[in-house]
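Residue numbers (the working numbering), protein chains in the order written: chain A, 105 to 432; chain B, 105 to 432.
2 protein chains.
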Amino acid sequence: MQVLHVGAIDIGGTKIAATVANAHGPLARITQATVKTGAPRAVGDQAVALLHAACEQAGIDCRSIKSVGVSSCGPFARIDGMLGLKTPNICGGLTEGTDLPNDWTIIPLEQVLREQFEHVVIENDCVAALFAERNFGSVRDEPDCVYVTWSTGIGFGLCVDGRILHGKHGNAGHAGHMLMSEQSEALCGCGNRGDLEALISGRSLGNRFGQSAPDLFAAARSGEPAAYAAVAHAAQWFGRALYNLAAILDTRVFVMGGSIWNYHGEWLLPLVQPEIERRLPALTQGVSIVPAALGGMVADVGALSLVMPADWMPRWRNTQPWALFAAE
Amino acid sequence: MQVLHVGAIDIGGTKIAATVANAHGPLARITQATVKTGAPRAVGDQAVALLHAACEQAGIDCRSIKSVGVSSCGPFARIDGMLGLKTPNICGGLTEGTDLPNDWTIIPLEQVLREQFEHVVIENDCVAALFAERNFGSVRDEPDCVYVTWSTGIGFGLCVDGRILHGKHGNAGHAGHMLMSEQSEALCGCGNRGDLEALISGRSLGNRFGQSAPDLFAAARSGEPAAYAAVAHAAQWFGRALYNLAAILDTRVFVMGGSIWNYHGEWLLPLVQPEIERRLPALTQGVSIVPAALGGMVADVGALSLVMPADWMPRWRNTQPWALFAAE
Numbered sequence: 105m106q107v108l109h110v111g112a113i114d115i116g117g118t119k120i121a122a123t124v125a126n127a128h129g130p131l132a133r134i135t136q137a138t139v140k141t142g143a144p145r146a147v148g149d150q151a152v153a154l155l156h157a158a159c160e161q162a163g164i165d166c167r168s169i170k171s172v173g174v175s176s177c178g179p180f181a182r183i184d185g186m187l188g189l190k191t192p193n194i195c196g197g198l199t200e201g202t203d204l205p206n207d208w209t210i211i212p213l214e215q216v217l218r219e220q221f222e223h224v225v226i227e228n229d230c231v232a233a234l235f236a237e238r239n240f241g242s243v244r245d246e247p248d249c250v251y252v253t254w255s256t257g258i259g260f261g262l263c264v265d266g267r268i269l270h271g272k273h274g275n276a277g278h279a280g281h282m283l284m285s286e287q288s289e290a291l292c293g294c295g296n297r298g299d300l301e302a303l304i305s306g307r308s309l310g311n312r313f314g315q316s317a318p319d320l321f322a323a324a325r326s327g328e329p330a331a332y333a334a335v336a337h338a339a340q341w342f343g344r345a346l347y348n349l350a351a352i353l354d355t356r357v358f359v360m361g362g363s364i365w366n367y368h369g370e371w372l373l374p375l376v377q378p379e380i381e382r383r384l385p386a387l388t389q390g391v392s393i394v395p396a397a398l399g400g401m402v403a404d405v406g407a408l409s410l411v412m413p414a415d416w417m418p419r420w421r422n423t424q425p426w427a428l429f430a431a432e
Numbered sequence: 105m106q107v108l109h110v111g112a113i114d115i116g117g118t119k120i121a122a123t124v125a126n127a128h129g130p131l132a133r134i135t136q137a138t139v140k141t142g143a144p145r146a147v148g149d150q151a152v153a154l155l156h157a158a159c160e161q162a163g164i165d166c167r168s169i170k171s172v173g174v175s176s177c178g179p180f181a182r183i184d185g186m187l188g189l190k191t192p193n194i195c196g197g198l199t200e201g202t203d204l205p206n207d208w209t210i211i212p213l214e215q216v217l218r219e220q221f222e223h224v225v226i227e228n229d230c231v232a233a234l235f236a237e238r239n240f241g242s243v244r245d246e247p248d249c250v251y252v253t254w255s256t257g258i259g260f261g262l263c264v265d266g267r268i269l270h271g272k273h274g275n276a277g278h279a280g281h282m283l284m285s286e287q288s289e290a291l292c293g294c295g296n297r298g299d300l301e302a303l304i305s306g307r308s309l310g311n312r313f314g315q316s317a318p319d320l321f322a323a324a325r326s327g328e329p330a331a332y333a334a335v336a337h338a339a340q341w342f343g344r345a346l347y348n349l350a351a352i353l354d355t356r357v358f359v360m361g362g363s364i365w366n367y368h369g370e371w372l373l374p375l376v377q378p379e380i381e382r383r384l385p386a387l388t389q390g391v392s393i394v395p396a397a398l399g400g401m402v403a404d405v406g407a408l409s410l411v412m413p414a415d416w417m418p419r420w421r422n423t424q425p426w427a428l429f430a431a432e
């Protein structure tokens with residue numbers, strides 16, 4: 105049977121987006137603040153309702169959507185064989201002293217979506233972004249590449265030998281929780297001290313330096329010495345983390361997204377690159393760092409690409425139909 | 105055409121081993137000190153000569169061997185599309201002030217072997233070991249596992265989603281060169297300070313604590329306080345490295361080899377495990393550490409398994425014919 109429409113959900117700690125698309129491109133996209141009260145299934149119910157609303161806006165019958173791709177913050181765990189979300193940004197029951205208005209420990213996402221849709225594919229948001237960039241963006245058909253987002257948090261999607269990595273529960277790529285420093289007292293939301301997120305995520309930099317990450321970076325770029333020292337040190341840690349991944353995975357290309365890199369990547373690059381290039385030439389020679397191409401639509405397009413028919417892709421590559429939505 | 109015999113080469117910094125086998129098991133195995141003088145192709149020529157000698161010992165015609173599997177220390181690089189070895193343990197031209205009696209920068213291994221054999225498959229030694237353990241050993245058919253050797257050096261073979269990782273030049277798994285400490289002055293052979301090998305490889309522990317690694321571990325286990333502190337600290341670093349890999353790859357099982365783990369693994373385990381278990385439960389829950397099953401024959405059996413017909417494997421699993429050679 106010919107597929108006319110597919111749906112996509114992008115679940116973040118702050119907002120949820122639902123998109124519906126046909127062979128020519130996205131038709132409608134609706135976003136809402138992520139629901140954080142009620143029963144644990146509330147997030148899944150919200151996703152379904154948003155998809156219905158997107159269908160209505162696009163003027164299509166939601167029953168024509170059989171397949172839904174999902175990009176979501178993780179980590180994931182299994183409930184009765186189906187993927188659920190154990191994400192400390194939404195589930196209040198995972199961290200002591202949280203300010204979230206619920207006591208959820210896991211969100212039964214796949215189960216709720218499967219009540220309505222025949223075919224559901226759920227990926228970590230950075231993994232979905234890597235699908236988007238490999239299908240339509242900066243690393244088309246590159247077999248050995250890593251997607252990196254440097255933003256409020258830090259996340260990775262990993263591709264080796266032409267295959268995107270999942271791991272035992274679909275949580276491969278949580279390299280933001282790689283331990284980097286034995287000295288730093290910087291605390292991560294996961295409880296680690298001195299992991300990459302604790303050292304340099306936007307949230308952590310904000311907490312540690314008493315101003316928001318955007319303000320800190322602006323001060324650094326205007327030459328304020330303390331801010332410059334903090335940001336230069338963060339860039340070094342970031343470069344050491346990319347080097348570690350290159351040594352572990354023999355990566356060729358890092359494709360970069362997230363608000364910190366999107367705004368400051370060109371300025372940061374000369375601080376980051378030496379931490380890779382001056383080490384172990386057999387692993388690092390020829391490694392490149394390129395910006396992501398899909399911008400604000402990377403998660404949505406990634407989620408769509410998880411379920412879209414292969415014969416839609418050449419047209420999307422040519423016409424880049426997501427660009428109309430990216431400007432929103 | 106039916107395959108009657110296959111060959112294997114195991115290349116290390118100290119010795120080379122050649123093995124020939126048929127469907128029932130290994131027939132002969134010959135080892136020699138690795139040649140380090142002459143032309144760069146000398147190592148390849150030695151490997152071919154050893155295979156001929158092993159054939160003679162087994163009483164078979166070497167022309168009956170079309171396929172050779174190779175386990176070798178790395179890292180690798182390409183010469184004219186074929187794999188060569190850039191290994192600082194053998195190539196004297198890679199490190200300033202080396203005591204190696206040659207100025208080789210790369211060994212043209214694949215090219216030399218292909219002059220004699222139709223089919224050559226070369227893998228990093230820890231990758232070959234992982235093939236062995238997944239085919240015949242402790243992690244049979246486990247999709248998400250990592251082979252670890254803790255010995256003179258530290259090496260890893262990585263398997264995610266049922267596929268062993270190679271990366272852009274076959275160097276995935278060089279996690280021994282992952283940066284772990286920003287404080288330590290410990291120097292790795294690769295030039296890094298504070299990477300895992302610099303911190304805890306047998307060679308590095310020996311250099312830093314003024315006694316051989318076996319003596320240091322013996323002193324630690326007999327309760328000598330300084331030695332115990334050094335070894336306990338090393339075990340912590342080791343556990344932090346395994347945790348990092350579990351977070352990056354969502355690994356289920358670590359399968360452990362190498363002389364340090366083979367002799368001291370049971371004693372080390374209670375020092376290593378807490379560094380994994382007390383972190384990020386979504387990634388670390390259920391992660392296990394098991395000893396490798398193939399012992400001293402792991403590289404040879406791994407190299408053989410790279411080229412042996414699939415229908416030999418069930419018999420080898422049942423009869424474990426390498427055990428006769430392991431005792432040598």
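Glycine is no exception: its CB is placed at the ideal position from the N, C-alpha and C atoms.
In whole angstroms, give me the CA-to-CA distance for residue i and residue j.
| i | j | result |
| --- | --- | --- |
| Leu204 of chain B | Ile194 of chain B | 7 Å |
| Ala317 of chain B | Ala323 of chain A | 50 Å |
| Ala397 of chain B | Asp415 of chain B | 21 Å |
| Glu432 of chain B | Lys119 of chain B | With a pLDDT of only 49 at Glu432 of chain B, under 50, the local geometry of the prediction cannot be trusted, and the value read off the model is given with reservation. In a straight line, the C-alpha of Glu432 of chain B is about 15 Å away from that of Lys119 of chain B. |
| Ile164 of chain A | Glu219 of chain A | 20 Å |
| Thr355 of chain B | Ile134 of chain B | 36 Å |
| Gly295 of chain B | Leu213 of chain A | 47 Å |
| Phe313 of chain B | Asp299 of chain B | 17 Å |
| Thr191 of chain A | Cys177 of chain A | 7 Å |
| Glu200 of chain A | Thr138 of chain B | 58 Å |
In the DSSP assignment, find the beta strand (DSSP E) that holds residue i and state where it starts and stops.
| i | result |
| --- | --- |
| Pro395 of chain B | Ser392 to Pro395 |
| Val405 of chain A | From DSSP, Val405 of chain A is part of no beta strand (DSSP E) but of the alpha helix (DSSP H) over Val402 to Ser409. |
| Arg182 of chain B | Phe180 to Ile183 |
| Val335 of chain B | Premise fails: Val335 of chain B lies in the alpha helix (DSSP H), Pro329 to Leu353, not in any beta strand (DSSP E). |
| Cys177 of chain B | Taken as a continuous stretch (DSSP letters only), Cys177 of chain B belongs to no beta strand (DSSP E), as it is neither H nor E. |
| Cys249 of chain A | Cys249 to Trp254 |
| Val357 of chain A | Val357 to Gly361 |
Reducing DSSP to helix, strand and coil, say where residue i ends up.
| i | result |
| --- | --- |
| Gly111 of chain B | strand |
| Glu370 of chain A | helix |
| Gly129 of chain A | strand |
| Gln220 of chain A | coil |
| Thr388 of chain A | helix |
| Thr118 of chain A | coil |
| Gln424 of chain B | coil |
| Asn228 of chain A | strand |
| Asp299 of chain A | strand |
| Arg167 of chain B | helix |
| Met282 of chain B | coil |
| Gln136 of chain A | strand |
| Ile380 of chain A | helix |
| Met412 of chain A | coil |
| Leu213 of chain A | helix |
| Ala431 of chain B | Summary for Ala431 of chain B: the model assigns pLDDT 49, below 50, so the residue's position carries little reliability; its value from the coordinates is reported in the next sentence. If DSSP states are grouped into helix, strand and coil, Ala431 of chain B belongs with coil. |
Going by beta carbon distance, what residues of the same chain come within less than 7 Å of residue i, once the five residues before and after it are set aside?
| i | result |
| --- | --- |
| Gly196 of chain B | Thr202, Leu204, Pro205, Asn206, Asp207 and Trp208 |
| Asn291 of chain B | One detail in the question is off: residue 291 of chain B reads as Leu in this sequence, not Asn. Here the set comprises Arg297 and Ala302. |
| Pro413 of chain A | Val107 |
| His273 of chain B | Phe180, Ala181 and Arg182 |
| Val391 of chain A | Ala350, Thr355, Arg356 and Ile380 |
For residue i, I'd like the list of residues in its chain whose CB is within less than 8 Å of its CB, leaving aside the five on either flank, ordered along the chain.
| i | result |
| --- | --- |
| Glu222 of chain B | Lys170 and Ser171 |
| Leu320 of chain A | Leu309, Gly310, Phe313, Ala331, Ala334 and Val335 |
Quick one: which chain C residues come within Cβ less than 7 Å of residue i?
| i | result |
| --- | --- |
| Asn275 of chain B | The structure shown contains no chain C; its protein chains are A and B. |
Enumerate in chain order the residues of its own chain whose CB-to-CB distance from residue i is below 6 Å, with the five nearest sequence positions on each side excluded.
| i | result |
| --- | --- |
| Ala330 of chain B | none |
| Ala112 of chain A | Thr123, Gly173, Asp404, Ala407 and Leu408 |
| Ala132 of chain A | Val124, Ala158, Gln161 and Ala162 |
| Ala232 of chain B | Ser175, Ala403, Gly406 and Ala407 |
Can you tell me where the alpha helix (DSSP H) holding residue i begins and where it ends?
| i | result |
| --- | --- |
| Leu309 of chain B | Gly306 to Phe313 |
| Cys159 of chain B | Ala146 to Ala162 |
| Leu320 of chain B | Ala317 to Arg325 |
Worksheet item: Are the segment 413-427 of chain A and the segment 121-140 of chain A touching, with three or more C-beta to C-beta distances below 8 Å?
Response: Yes: at least three Cβ pairs fall under 8 Å.
Worksheet item: Is there contact between the segment 336-348 of chain B and the segment 260-269 of chain A, where contact requires at least three CB pairs shorter than 8 Å?
Response: Result no; under three Cβ-Cβ pairs closer than 8 Å.
Practice prompt. May I ask you to verify whether the segment 369-376 of chain A touches the segment 264-272 of chain A, counting CB pairs closer than 8 Å and requiring at least 3?
Written response: Flag = no, the segment 369-376 of chain A and the segment 264-272 of chain A do not touch.
Practice prompt. Count the C-beta pairs between the segment 358-366 of chain A and the segment 239-246 of chain B that are closer than 8 Å, then say yes if the count reaches three, no if not.
Written response: Contact between the segment 358-366 of chain A and the segment 239-246 of chain B is absent: fewer than 3 CB-CB pairs across the two stretches fall below 8 Å.
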